[in-house]
Structures are given as C-alpha cells and as structure tokens.
Amino acid sequence: MTLAAACLAVAAISAAGVVAVSPVRAEQAAAPAAGFPIRFTDVTGAAGIQFRHHSGAFGKKYLPETMGAGCAFVDVDGDGWQDVFFAQSMGWPGRPGAKVYPALYRNNRNGTFTDITRAAGLAVEMYGLGVAAADFDNDGDADLFLSAVGPSRLYRNDGRGHFEDVTTKAGVGDPGFSTSALWFDYDRDGRLDLFVARYVEWSIAKDQFCSLNGRTKSYCTPESYKGQSPVLYRNKGDGTFENVTKKAGLDDPASKMLGVALIDYDGDGLLDVFGANDTQPNRLFRNKGNGTFADVAVMAGVAFNDAGVARAAMGVDAADYDGSGRPSLVVGNFANEMMALYSNEGNGLFIDEAPASAIGRGSLSRLTFAAFFVDVDLDGLLDIFGSNGHVADDIATVQPTIGYAQPALLFRNLGRKKFEDVSTRAGAALTTPVVGRGAAYGDYDNDGDPDLLVTANNGPARLLRNDGGSNRKLRVALAGTTSNRDAIGARVRIDLGGGQSLWRMVKTGSSYLSQSELPVTFGLGARSKIDGIEVVWPNGKTERVPGLAADRSITIQEGKGVVRNNAFGAKP
Numbered sequence: 000m001t002l003a004a005a006c007l008a009v010a011a012i013s014a015a016g017v018v019a020v021s022p023v024r025a026e027q028a029a030a031p032a033a034g035f036p037i038r039f040t041d042v043t044g045a046a047g048i049q050f051r052h053h054s055g056a057f058g059k060k061y062l063p064e065t066m067g068a069g070c071a072f073v074d075v076d077g078d079g080w081q082d083v084f085f086a087q088s089m090g091w092p093g094r095p096g097a098k099v100y101p102a103l104y105r106n107n108r109n110g111t112f113t114d115i116t117r118a119a120g121l122a123v124e125m126y127g128l129g130v131a132a133a134d135f136d137n138d139g140d141a142d143l144f145l146s147a148v149g150p151s152r153l154y155r156n157d158g159r160g161h162f163e164d165v166t167t168k169a170g171v172g173d174p175g176f177s178t179s180a181l182w183f184d185y186d187r188d189g190r191l192d193l194f195v196a197r198y199v200e201w202s203i204a205k206d207q208f209c210s211l212n213g214r215t216k217s218y219c220t221p222e223s224y225k226g227q228s229p230v231l232y233r234n235k236g237d238g239t240f241e242n243v244t245k246k247a248g249l250d251d252p253a254s255k256m257l258g259v260a261l262i263d264y265d266g267d268g269l270l271d272v273f274g275a276n277d278t279q280p281n282r283l284f285r286n287k288g289n290g291t292f293a294d295v296a297v298m299a300g301v302a303f304n305d306a307g308v309a310r311a312a313m314g315v316d317a318a319d320y321d322g323s324g325r326p327s328l329v330v331g332n333f334a335n336e337m338m339a340l341y342s343n344e345g346n347g348l349f350i351d352e353a354p355a356s357a358i359g360r361g362s363l364s365r366l367t368f369a370a371f372f373v374d375v376d377l378d379g380l381l382d383i384f385g386s387n388g389h390v391a392d393d394i395a396t397v398q399p400t401i402g403y404a405q406p407a408l409l410f411r412n413l414g415r416k417k418f419e420d421v422s423t424r425a426g427a428a429l430t431t432p433v434v435g436r437g438a439a440y441g442d443y444d445n446d447g448d449p450d451l452l453v454t455a456n457n458g459p460a461r462l463l464r465n466d467g468g469s470n471r472k473l474r475v476a477l478a479g480t481t482s483n484r485d486a487i488g489a490r491v492r493i494d495l496g497g498g499q500s501l502w503r504m505v506k507t508g509s510s511y512l513s514q515s516e517l518p519v520t521f522g523l524g525a526r527s528k529i530d531g532i533e534v535v536w537p538n539g540k541t542e543r544v545p546g547l548a549a550d551r552s553i554t555i556q557e558g559k560g561v562v563r564n565n566a567f568g569a570k571p
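Sequential numbering of the sequence shown, starting at 0, is according to numbering that gives the first Met the number 0.
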C-alpha cells in the first residue's frame with residue numbers, strides 16, 4: 000500500500016466513526032524564556048551507585064554486545080521511595096573472567112543507595128538486556144521481569160526483601176532474543192499480562208561476518224538475521240501465564256522489535272501497543288476488545304518515515320505533549336535518520352512533526368536509543384529526553400563526524416508543538432559523551448522533580464539529579480482494588496481551573512529496555528492549587544477527587560479516594 004492510499008484509507012475509517020478523543024487544553028507558552036533554569040547534576044558516586052555494564056565483548060563482535068542494558072526506577076519495598084535496578088549482561092561461554100550480575104539498589108531515603116542484590120536473591124548470571132517491573136500477582140509488591148538473550152526470567156517479590164525465580168512455574172522463560180517488555184491488562188480482567196518484544200534469530204553458531212572496510216569484522220546490522228515475533232502472555236491468575244501470541248493475532252516473525260509503549264491512540268479505553276522495529280516497519284497493535292489485536296501502523300502513518308522507508312527504531316514513548324487530549328509518539332532512530340515525533344491528529348492518523356522542528360535538526364547526527372516525554376522543568380508541558388550512542392565502536396573510520404560516545408539530548412517544550420534544544424544548557428552531565436543505551440526518569444529524592452537514570456554500553460551507569468527549578472507540582476500514585484493493584488493503564492486528569500487540564504497515563508514499558516517510575520507527576524508552573532482530579536481506572540470506572548494544594552504527593556486508592564497526602568520533603 001502506498002502512503003497516499005494509506006491516508007485515504009484512514010480518512011475513510013474516520014468518516015465511518017472512529018472515536019476521537021475529547022480535547023483537553025494545557026497552558027501553552029508562546030516563546031522561550033530568557034534562560035533555562037534546570038541543571039542535571041551527576042550524583043552517581045555520592046549516591047553510592049557503582050554499577051557498570053559488561054557486554055562480554057572480546058573482539059568477536061557478537062551482535063548482542065551492542066544492545067544493553069536497561070534500568071528502572073521501582074519501589075521494591077513499598078516505602079514510597081524509588082529504588083533502582085540495572086539489567087546486566089555477561090561474558091561469553093568459554094571466556095575467563097569474573098562473574099557479573101544485575102544490580103538492585105535500595106533507596107536509603109537520604110540521597111544514597113545500598114546494593115542489596117545478593118540479599119534479594121538477584122545475583123544471577125544471565126545475558127540480560129531489559130527490565131519491566133509490576134505487581135503481576137496483585138499481592139502489593141513489585142515483581143521483576145528480566146529480558147535476555149536466552150531464557151528471560153520472572154522474579155516474584157515475596158514482600159520480605161527477597162525475590163523468587165518463578166520463571167518455570169509461570170511459563171514465561173522464552174529462549175529467544177528478548178528486548179523491551181511491558182505489563183498491561185489488555186483484557187481488563189484485573190490481572191497484568193505481559194508483552195515481550197523480541198529482536199532477531201541470533202546465536203554464536205549463526206553469527207555472521209560483517210565489515211565496514213572489507214577486512215576487519217564489525218557489528219552486523221539486524222538485516223543480516225531473520226526477525227523474531229513478539230510474545231504476549233495472558234495472566235491466568237494462578238501464578239501462571241498462557242502464551243496467546245497467535246490467538247491474539249500478534250504472531251509477527253518479521254518484527255525486529257526493540258522498544259514498546261502503551262498507548263490508547265483511538266481513545267476507546269482499550270490499551271494498544273506500539274512497537275519500534277529496527278530496519279522493519281514499526282507496529283501499532285490496535286486492541287480490538289475481543290482478545291485480539293490488529294496492526295494499523297501503515298494506515299496510521301507510523302510504520303515508515305515520510306519517504307515510505309522503514310527506519311532503525313530503538314526506544315519509544317507515548318504521551319499528550321501538545322495538550323490535544325490525545326497521546327502522541329516519540330521514537331529514537333539511527334544516526335542520519337533523526338528522531339520521530341508522531342503527532343496524533345485524532346482521526347486515526349499521525350503526522351511526524353520532527354523534520355520541520357528542532358527535534359529533527361538536533362537528533363539527525365545522533366543514534367538515539369532511549370527516548371521519552373518528561374516534564375523536567377514542571378511547567379506542565381512535556382519535554383523530550385534522548386540517550387544516544389553508536390553501535391559501531393569504529394564508526395569514526397567511515398563517518399568522521401559521528402562519534403561512538405554521544406551527548407544526551409533534551410528538547411524543551413515551548414507549547415504549540417514547538418521545541419528548543421536545551422541539551423547544552425542543562426549542565427555538564429548531559430553534554431558528557433557516553434555510549435548511551437537505557438534510561439528512565441523518577442523522583443529518587445522525593446523533592447517533586449524528575450531525576451534521570453542512564454546506562455552506558457560496557458560502561459558505568461549514572462544518576463542525574465534535577466536541580467534548579469522553582470515551579471509547583473503534584474505527584475499522584477494510584478492503588479487499584481478491582482483493577483490491577485498498580486493501576487497500570489489508568490488515566491489521571493487534573494483540573495487546573497479556567498478550562499485548563501492536564502492528563503497522564505500510568506504505564507510500564509517505554510524508553511529502551513527500561514522503565515520509569517509508576518507515579519505520575521504534574522508540573523503546575525506557578526499555580527498554588529488544582530480544582531480537582533479525575534481518575535479513569537483500567538476497568539473503565541471513573542472516580543473524582545476534590546481540589547487540593549500544590550506541592551503535594553498523594554495516593555488515591557480505587558473506591559476510597561485520597562488515602563495519603565504528604566508535602567514534598569516530609570519524612571515517612
């Protein structure tokens with residue numbers, strides 16, 4: 000199908016009655032302020048985080064060495080403070096060297112962390128890549144799914160500081176090349192199901208010889224290998240899962256998927272999934288509400304670039320960045336391809352706004368892995384962060400203008416679909432070149448603003464503290480009862496007064512191999528209060544909460560309203 004034909008098809012579907020999202024409006028800024036007040040400070044050493052990713056590279060240039068690793072902000076002990084987790088790879092069989100493990104750091108609630116990996120039962124050697132965290136058994140504790148080259152792992156949190164490997168019992172130990180993953184309740188039965196992206200058919204025995212100069216081996220592109228279908232596991236509610244990939248219409252062996260994001264793109268209350276594919280068309284799996292999905296990416300305009308060519312897509316996120324009431328998409332792509340900013344037009348069609356914006360210009364020479372929306376300055380407008388780094392350590396020999404290690408990207412949202420590149424104005428921590436891979440945001444110090452966790456391929460992870468802002472904020476955590484306990488898929492809308500409102504979705508997935516915190520934070524600018532909160536729970540029920548003062552961190556429990564209301568900085 001040509002792009003023109005796809006657009007005509009979308010128009011026909013829209014006329015036939017695709018549900019459009021009712022717009023909500025966010026306060027829009029017309030022009031950039033004189034300065035950018037936010038600075039990110041590298042506090043890794045002071046926080047006691049010593050994690051370093053090991054790819055296992057020893058000269059053979061095995062494809063998986065270029066991929067990892069992911070990270071997560073996750074409150075594993077339920078104390079209201081975000082702990083951090085790092086996925087870890089390993090040495091290849093037959094290679095000498097010390098064993099390396101993933102890492103779990105407990106938040107000490109004073110700006111520092113303690114490594115509790117061994118005590119938690121997570122000192123396990125595996126070629127890990129990504130992490131997705133959620134309470135899959137609704138017992139009140141965050142569990143961990145770790146994707147890998149080879150069998151993935153599911154660890155159940157027993158609530159006493161220890162994780163039990165329940166992979167075999169649960170039936171989710173797929174032996175493929177798994178990358179990003181997300182938890183979501185696609186069938187609205189109150190239990191979290193698991194979507195796992197997979198990459199290519201690779202093994203040491205199948206490894207191909209590729210070269211940039213025709214003599215020495217370089218890392219191959221995914222075009223050298225067959226793809227692997229993503230996998231959907233349905234939660235049966237008894238600690239086990241059923242592989243429903245084919246039954247759900249998701250069997251897709253041509254996919255080479257790296258990033259996944261939750262998105263209700265058509266506003267029907269059912270959770271859809273966007274998959275970012277590497278050198279293959281992206282996928283937008285529409286939830287049909289009967290246990291099956293349909294790929295509508297081509298018709299929606301998100302499968303290819305404007306020229307109808309598939310890009311090498313990595314990380315992805317979905318959110319309402321323009322105040323339209325509809326979730327749009329940001330996608331990290333390969334060097335010389337630029338990031339994509341697919342704006343949701345509300346008629347089933349997306350338009351890539353990046354080529355004509357600062358996002359396209361600023362990201363053209365970068366290879367962007369992690370990409371997500373985050374309101375770093377708390378003005379109510381979602382900014383865009385990108386973590387960058389090339390896959391070829393010898394790229395400079397053929398493209399001298401493109402580095403292996405690359406600085407991060409930060410695009411400030413100015414409103415009206417306008418952005419400015421503030422990457423060099425947000426502190427030296429962002430301008431330092433690294434071989435960036437996974438990234439997540441979360442408020443580790445409970446001061447109300449989003450901090451950043453970033454990994455480097457075969458290098459040290461970094462914790463970047465958000466400093467310098469003065470805007471007000473509201474942090475909302477949800478606890479489901481009839482819905483899944485984490486309320487993943489819930490939509491939270493705050494009424495700012497004067498016809499203004501903002502909304503966020505509680506979600507897992509997004510970024511690249513990583514997961515950001517589950518509580519949602521609203522930047523309020525100078526506002527001292529909000530007029531009310533509306534929560535649409537994952538089961539479709541709506542609950543409303545009266546207005547309250549700004550600079551609060553609250554928890555809303557399904558059916559009970561606000562059950563916790565603390566000022567930022569208050570001790571637990």
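For every residue, glycine included, the Cβ atom is placed at its ideal position computed from N, Cα and C.
- One alpha carbon belongs to T541, the other to V535, and they sit about 4 Å apart.
- The beta strand (DSSP E) runs lying completely inside the stretch 125-199 and spanning 3 residues or more are 127-133, 142-147, 152-156, 162-164, 177-183, 192-197, given in chain order.
- Rounded to whole angstroms, the separation of the alpha carbons of A68 and A45 is 22 Å.
- Secondary-structure assignment with DSSP links Y440 through a beta bridge to L451.
- Taking a C-beta distance under 9 Å as the contact criterion, A86 and G437 qualify as a contact pair.
- When C-beta atoms of the stretch 497-508 are compared with those of the stretch 42-57, fewer than three pairs fall below 8 Å, so the two segments do not count as touching.
- Y126 and R471 have their C-alpha atoms some 42 Å from each other.
- Per DSSP, reduced to three states, the secondary structure at A425 is coil, with no helix or strand assignment.
- V297 sits in a helix when the DSSP states are folded into three classes.
- Taken atom to atom, the span from the alpha-carbon of K416 to that of D450 is near 24 Å.
- Taking every protein chain shown into account, the CB of K60 has 16 or more other CB atoms within 10 angstroms, so this residue is buried.
- An exposed status is given to Q207, since fewer than 16 other beta-carbon atoms sit within 10 Å of its beta-carbon.
- The alpha-carbon separation between M338 and G129 amounts to approximately 21 Å.
- Of all alpha-carbon atoms in A566, T400, V433, L452, the one lying nearest the alpha-carbon of R474 is that of A566.
- Straight-line spacing of the CA atoms in Q81 and G359 works out to 33 Å.
- Within the DSSP bridge table, the entry for W502 names R492 as partners.
- If you look at T43, you'll find it in the alpha helix (DSSP H) that goes 43-46.
- Rounded to whole angstroms, D420 and A395 show a C-alpha spacing of 25 Å.
- The way I'd put it, the stretch 484-494 does touch the stretch 131-148; three or more beta-carbon pairs between them come closer than 8 Å.
- With a 10 Å radius around the Cβ and a threshold of 16 neighbouring Cβ atoms, V308 comes out exposed.
- Sequence-distant partners of K245 (beyond 5 residues in either direction) whose C-beta falls short of 8 Å from its own C-beta are missing from its chain.
- Taken through DSSP and simplified to helix, strand or coil, R526 comes out as coil.
- For W201, the CB contacts under 6 Å within the same chain, skipping 5 residues up- and downstream, are L62, F176, Y224 in chain order.
- Of L340, A427, T367, T400, the smallest CA-CA separation from M66 is found for T367.
- Per DSSP, the beta bridge partners of E533 are R492, R543.
- Taking C-beta atoms as the reference points, T520 and D319 fail to come closer than 9 Å.
- S356 and S362 have their C-alpha atoms some 10 Å from each other.
- With respect to L463, T111 sits apart: the two C-beta atoms are not nearer than 9 Å.
- Under the DSSP assignment, I358 falls in the alpha helix (DSSP H) whose first and last residues are 357-362.
- Around the beta carbon of D305, a 10 Å sphere encloses fewer than 16 other beta carbons of the protein chains shown; the residue is thus reported as exposed.
- Of the residues R197, E124, S386, the one whose Cα lies closest to the Cα of P221 is R197.
- Judged by beta-carbon spacing, L249 lies beyond the 9 Å limit of S509, meaning their Cβ atoms are not closer than that value.
- Residue pairing by DSSP places Y232 opposite L193, N242 in a beta bridge.
- Each residue's CA atom was taken as its position, placing D188 and D550 some 34 Å apart.
- Cβ-Cβ distances below 8 Å link D142 to A132, A133, D134, F135, D136, L153, Y154, R155, N156, F162 in the same chain, with the five nearest sequence neighbours on each side left out; the list follows chain order.
- A distance below 7 Å between beta-carbons, with the five flanking residues on each side excluded, links G468 to the following residues of its chain, in chain order: P36, I37, D376, L377, D448.
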